[in-house]
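Enquirer: What follows is a single structure, and I will ask about it in a moment.
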Amino acid sequence: MAKENRTRMFPHEWRASTTLSGVYALRMLGMFLVLPVLALYAANLPGAENNKAPVGLAMGMYGLTQALFQLPLGMASDKFGRKKTIYFGLIVFAAGSFMAAAANSLEMLVAARALQGAGAVSAAVTALLADLTRNEVRTRAMSMIGLSIGLTFSASLVAAPLMAEFIGVSGLFALTGVLTLISIAVVAWFTPDPEISKLHEDAQAQPARFGEVLQDRHLLGLDFGIFALHAAQMALFTALPFALQQIGLEKIGQWKVYLPATLTGLIVMVPLIIVGETRGRLKQVFVLGIALIALAQIGLLFGLGSLALITACLIVYFIGFNVLEASLPSLVSKIAPADLKGTAMGVYNTMQSLGLFAGGAAGGMLFQHFGFNGVFAFCSGLMLVWLAVALAAPAPKAVKNLSYPVGSRWQGNTGALQSALAEVAGIEAVAFSQDRQTVFIKALQKGFDRAAAEKIISGG
Numbered sequence: 406m407a408k409e410n411r412t413r414m415f416p417h418e419w420r421a422s423t424t425l426s427g428v429y430a431l432r433m434l435g436m437f438l439v440l441p442v443l444a445l446y447a448a449n450l451p452g453a454e455n456n457k458a459p460v461g462l463a464m465g466m467y468g469l470t471q472a473l474f475q476l477p478l479g480m481a482s483d484k485f486g487r488k489k490t491i492y493f494g495l496i497v498f499a500a501g502s503f504m505a506a507a508a509n510s511l512e513m514l515v516a517a518r519a520l521q522g523a524g525a526v527s528a529a530v531t532a533l534l535a536d537l538t539r540n541e542v543r544t545r546a547m548s549m550i551g552l553s554i555g556l557t558f559s560a561s562l563v564a565a566p567l568m569a570e571f572i573g574v575s576g577l578f579a580l581t582g583v584l585t586l587i588s589i590a591v592v593a594w595f596t597p598d599p600e601i602s603k604l605h606e607d608a609q610a611q612p613a614r615f616g617e618v619l620q621d622r623h624l625l626g627l628d629f630g631i632f633a634l635h636a637a638q639m640a641l642f643t644a645l646p647f648a649l650q651q652i653g654l655e656k657i658g659q660w661k662v663y664l665p666a667t668l669t670g671l672i673v674m675v676p677l678i679i680v681g682e683t684r685g686r687l688k689q690v691f692v693l694g695i696a697l698i699a700l701a702q703i704g705l706l707f708g709l710g711s712l713a714l715i716t717a718c719l720i721v722y723f724i725g726f727n728v729l730e731a732s733l734p735s736l737v738s739k740i741a742p743a744d745l746k747g748t749a750m751g752v753y754n755t756m757q758s759l760g761l762f763a764g765g766a767a768g769g770m771l772f773q774h775f776g777f778n779g780v781f782a783f784c785s786g787l788m789l790v791w792l793a794v795a796l797a798a799p800a801p802k803a804v805k806n807l808s809y810p811v812g813s814r815w816q817g818n819t820g821a822l823q824s825a826l827a828e829v830a831g832i833e834a835v836a837f838s839q840d841r842q843t844v845f846i847k848a849l850q851k852g853f854d855r856a857a858a859e860k861i862i863s864g865g
């Protein structure tokens with residue numbers, strides 16, 4: 406019974422997890438919903454005449470400001486309060502959305518996308534969720550956010566072309582602004598207030614320790630991977646809608662390509678991730694995902710004249726993309742020291758945002774000067790470089806991260822607790838939070854004596 410009580414979410418934790426996942430998903434909706442239709446829309450605005458380069462900037466500009474502001478806003482939430490920072494970020498994001506809806510030139514649209522990205526609340530939302538959840542259920546709560554993002558992305562690709570036909574791309578931006586304002590009300594009225602806010606090393610970045618993360622070449626390889634994955638994604642969507650239009654599939658009908666691709670990607674991803682996580686084959690599954698994307702990009706390079714081949718390539722692409730989106734954070738978690746997991750994820754998220762910007766900018770420039778072949782050659786080359794990096798990296802150990810409150814017996818004597826835990830079978834590393842109130846354990850998935858560790862920590 407005690408174990409059930411430790412692992413079951415309390416009602417306020419469910420409220421926090423569901424409402425904040427919704428807020429996160431709504432913000433991502435504003436980015437994803439326009440992804441398959443924005444390039445076509447931007448290309449018809451004044452300022453885009455015969456020049457696709459600024460179209461790429463309109464696609465990826467939000468990534469640059471998001472990279473610049475997400476960690477500062479996370480730190481601001483430590484000083485000014487979680488909810489106040491989230492309100493500020495969401496208001497900025499809503500303002501950018503309404504500005505994009507009213508944009509009558511490509512330059513104004515680029516500026517609006519930059520303003521959208523500046524409302525980067527992800528770090529503050531993560532910090533608030535960490536404040537509102539216990540160590541035992543925090544990983545589950547964070548995974549709910551990840552699931553909401555994945556579902557939002559897939560749904561957006563299918564819904565956007567259909568919705569744009571009825572309300573236009575400017576209407577999509579306006580809808581995003583309205584939903585963002587609603588999400589502010591959700592946070593204010595439905596998300597619980599934390600009793601205390603503090604640093605959570607397993608969820609938040611520690612800027613003073615960035616150097617430790619940046620010196621780890623295995624983590625740097627994963628950071629390059631998330632950069633490459635999203636750079637190639639943004640470059641892809643800078644050119645692909647034009648390719649589909651060129652072979653006769655107008656904007657409203659492009660969902661017919663995205664629907665089977667995204668659904669197949671989601672369905673196939675699940676068993677692959679299960680095999681990777683439970684059978685110690687995460688590296689093999691990870692490498693397979695990169696290879697699938699590389700194969701899809703090479704296929705697009707030579708198959709843009711056939712709708713059937715484009716659809717087949719996108720199915721392969723989304724299988725790989727979904728596998729990598731799910732496995733990359735898991736790999737970061739396995740490799741990073743337990744008390745630096747939040748810092749490692751902070752660097753990782755920043756590189757993801759920079760990849761979005763770089764992919765949009767490069768995709769637009771390449772499309773302008775080298776056409777479709779230039780874009781897909783760039784994407785293919787980027788994936789092949791990443792594949793080489795991944796193949797050379799060692800396979801991560803099959804480990805899991807656990808955290809527990811330090812028992813009263815060990816208060817002021819965590820060194821003795823660390824020594825005691827070092828004798829437990831299956832424990833790879835032990836670390837403590839700055840306030841010495843939480844112990845972080847990195848343990849083998851098989852062979853770890855969990856009962857013995859919990860007995861020691863509780864003082865039993």
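Numbering (the working numbering), first residue to last: 406 to 865.
Glycine included, each C-beta is placed from N, C-alpha and C at the ideal position.
Predicted, not measured: the structure shown is a model, and the values here were computed from it.
Give me, in chain order, the residues of the same chain whose beta-carbon lies closer than 7 Å to that of residue 798; leave out the 5 immediate sequence neighbours on both sides.
Expert: Translated into the one-based positions of the sequence shown, residue 798 becomes position 393. Closer than 7 Å at Cβ, skipping near neighbours: 623 and 626.
Enquirer: Around the C-beta of residue 754, are 16 or more other C-beta atoms found within 10 angstroms, so that it is buried, or is it exposed?
Expert: Within the sequence shown, residue 754 is the residue found at index 349, counting from 1. Flag for residue 754 reads buried.
Enquirer: For the alpha helix (DSSP H) containing residue 424, name the first residue and the last one.
Expert: Sequence index remark: in the sequence shown, residue 424 carries index 19 (1-based). Taken as a continuous stretch (DSSP letters only), the alpha helix (DSSP H) holding residue 424 covers 416-437.
Enquirer: How many Å lie between residue 807 and residue 739 at the Cα?
Expert: Reading the sequence shown from its first residue, position 402 is the one you call residue 807. Reading the sequence shown from its first residue, position 334 is the one you call residue 739. Residue 807 and residue 739: Cα-Cα distance of roughly 11 Å.
Enquirer: Can you tell me whether residue 643 is buried or exposed? The criterion is at least 16 other CB atoms within 10 Å of its CB, across all chains shown.
Expert: Working through the sequence shown from its first residue, we reach residue 643 at position 238. Label assigned to residue 643: buried.
Enquirer: Which whole-angstrom value is the C-beta distance of residue 446 and residue 563, which I expect to be below 8 Å?
Expert: On the sequence shown, position 41 is the one that residue 446 refers to. On the sequence shown, position 158 is the one that residue 563 refers to. The Cβ separation is near 18 Å, so there is no contact.
Enquirer: Checking 8 Å against the spacing of the C-beta atoms, do residue 631 and residue 436 come in under that value?
Expert: Within the sequence shown, numbered from 1, the residue matching residue 631 stands at position 226. Within the sequence shown, numbered from 1, the residue matching residue 436 stands at position 31. It is not a contact, given that the beta carbons lie outside the stated cut-off.
Enquirer: Judging by CA-CA distance, which residue of 444, 415 and 426 is the nearest neighbour of residue 650?
Expert: Within the sequence shown, the letter at position 245 stands for residue 650. Of the candidates 444, 415 and 426, the one whose C-alpha sits nearest the C-alpha of residue 650 is 444.
Enquirer: Mind checking residue 679: buried by the 16 CB within 10 Å criterion, or exposed?
Expert: Stepping through the sequence shown from its first residue, residue 679 is reached at position 274. Under this definition residue 679 is an exposed residue.
Enquirer: According to DSSP, is residue 457 helix, strand or coil?
Expert: For this step, residue 457 is matched to residue 52 along the sequence shown. Look at residue 457 here: in three-state DSSP terms it is coil, with no helix or strand label.
Enquirer: So which of 694, 610, 641 and 708 has the shortest CA-CA distance to residue 652?
Expert: The count along the sequence shown starts at 1 and reaches residue 652 at position 247. Nearest of 694, 610, 641 and 708 to residue 652, Cα basis: 708.
Enquirer: With residue 566 and residue 656 assumed to form a contact (beta carbons below 8 Å), what rounded beta-carbon distance in angstroms separates them?
Expert: Residue 566 sits at position 161 when you count from the first residue of the sequence shown. Residue 656 sits at position 251 when you count from the first residue of the sequence shown. Yes, residue 566 and residue 656 are in contact; Cβ-Cβ is about 5 Å, under 8 Å.
Enquirer: In three-state terms, what does DSSP make of residue 835?
Expert: Along the sequence shown, one-based indexing puts residue 835 at 430. In this structure, residue 835 counts as strand in the three-state DSSP scheme.
Enquirer: Please say whether residue 838 and residue 702 have beta carbons closer to each other than 8 Å?
Expert: Taking the first residue of the sequence shown as 1, we reach residue 702 at position 297. Taking the first residue of the sequence shown as 1, we reach residue 838 at position 433. No, they are not a contact pair.
Enquirer: Using a Cβ-Cβ cut-off of 6 Å (strictly less than) and excluding sequence neighbours within five positions of residue 763, which residues of its own chain qualify?
Expert: In the sequence shown, residue 763 corresponds to position 358, counting from 1. Excluding residues within five positions, the ones whose Cβ falls inside 6 Å are 636.
Enquirer: Mind checking whether residue 534 and residue 547 have CB atoms under 8 Å apart?
Expert: Translated into the one-based positions of the sequence shown, residue 534 becomes position 129. Translated into the one-based positions of the sequence shown, residue 547 becomes position 142. Yes, Cβ-Cβ distance for residue 534 and residue 547 is below 8 Å.
Enquirer: What is the DSSP secondary structure of residue 603, reduced to helix, strand or coil?
Expert: Translated into positions along the sequence shown, residue 603 becomes position 198. In the structure shown, residue 603 sits in coil (DSSP, three-state: anything other than H, G, I, E or B).
Enquirer: Are the Cβ atoms of residue 484 and residue 773 separated by less than 8 Å?
Expert: As a first step, residue 484 is located in the sequence shown; it is residue number 79 there, counting from the start. As a first step, residue 773 is located in the sequence shown; it is residue number 368 there, counting from the start. Not in contact: residue 484 and residue 773 (Cβ atoms no closer than 8 Å).
Enquirer: Which parts of the stretch 480-565 are runs of the alpha helix (DSSP H), unbroken and 4 residues or longer, counting only runs that do not cross its ends?
Expert: 487-507, 511-523 and 527-537
Enquirer: Could you give the distance in angstroms between the alpha-carbon of residue 861 and the alpha-carbon of residue 843?
Expert: By 1-based counting over the sequence shown, the position of residue 861 is 456. By 1-based counting over the sequence shown, the position of residue 843 is 438. Each residue's alpha carbon lies about 14 Å from the other.
Enquirer: Counting Cβ pairs, one atom from each stretch, are 3 or more of them under 8 Å apart for the stretch 507-515 and the stretch 523-538?
Expert: Between the stretch 507-515 and the stretch 523-538 there are fewer than three C-beta pairs closer than 8 Å, too few to call the two in contact.
Enquirer: Just list the residues that DSSP pairs residue 807 with in beta bridges.
Expert: Residue numbering aside, residue 807 sits at position 402 when the sequence shown is read from its first letter. Bridge partners of residue 807: 846.
Enquirer: Rounded to whole angstroms, what's the CA-CA distance from residue 776 to residue 425? Just pull it up for me.
Expert: Locating residue 776 in the sequence shown gives position 371, where the first residue counts as 1. Locating residue 425 in the sequence shown gives position 20, where the first residue counts as 1. Their Cα atoms are separated by approximately 41 Å.
Enquirer: Within 10 Å of its beta-carbon, does residue 746 have 16 or more other beta-carbons around it, so buried, or fewer, so exposed?
Expert: The residue you call residue 746 lines up with position 341 of the sequence shown. Buried, because 16 or more other Cβ atoms sit within 10 Å of the Cβ of residue 746.
Enquirer: Express the C-alpha separation of residue 795 and residue 673 in angstroms, rounding to a whole number.
Expert: In the sequence shown, residue 673 corresponds to position 268, counting from 1. In the sequence shown, residue 795 corresponds to position 390, counting from 1. Their Cα atoms are separated by approximately 21 Å.
Enquirer: What first and last residue would you give for the alpha helix (DSSP H) that runs through residue 628?
Expert: Here residue 628 refers to the residue found at position 223 when the sequence shown is read from its first residue. Unbroken alpha helix (DSSP H) run through residue 628: 622-651.
Enquirer: By DSSP, does residue 451 sit in helix, in strand, or in coil?
Expert: Counted from its first residue, the sequence shown places residue 451 at position 46. Residue 451 falls in the coil class under three-state DSSP.
Enquirer: Pop quiz: residue 768 and residue 639 are said to be a contact at Cβ under 8 Å. What is the actual Cβ separation, rounded to whole angstroms?
Expert: Here residue 768 refers to the residue found at position 363 of the sequence shown. Here residue 639 refers to the residue found at position 234 of the sequence shown. The Cβ separation is near 6 Å, so the contact holds.
Enquirer: What are the boundary residues of the alpha helix (DSSP H) that includes residue 823?
Expert: Residue mapping note: residue 823 aligns to position 418 of the sequence shown, counting from 1. Its alpha helix (DSSP H) spans residues 819-826.
Enquirer: What is the DSSP secondary structure of residue 795, counted as helix, strand or coil?
Expert: Translated into the one-based positions of the sequence shown, residue 795 becomes position 390. In the structure shown, residue 795 sits in a helix (DSSP, three-state: H, G or I).
Enquirer: Can you give me the Cβ contacts of residue 681 inside the same chain, cut-off strictly under 6 Å, excluding the 5 residues immediately before and after it?
Expert: One-based indexing of the sequence shown puts residue 681 at position 276. Excluding residues within five positions, the ones whose Cβ falls inside 6 Å are 687 and 690.
Enquirer: Closer than 6 Å by C-beta to residue 859: which residues in its own chain qualify, once you throw out the five before and the five after it? Chain order, please.
Expert: Position 454 of the sequence shown holds residue 859. Nothing meets the Cβ criterion.
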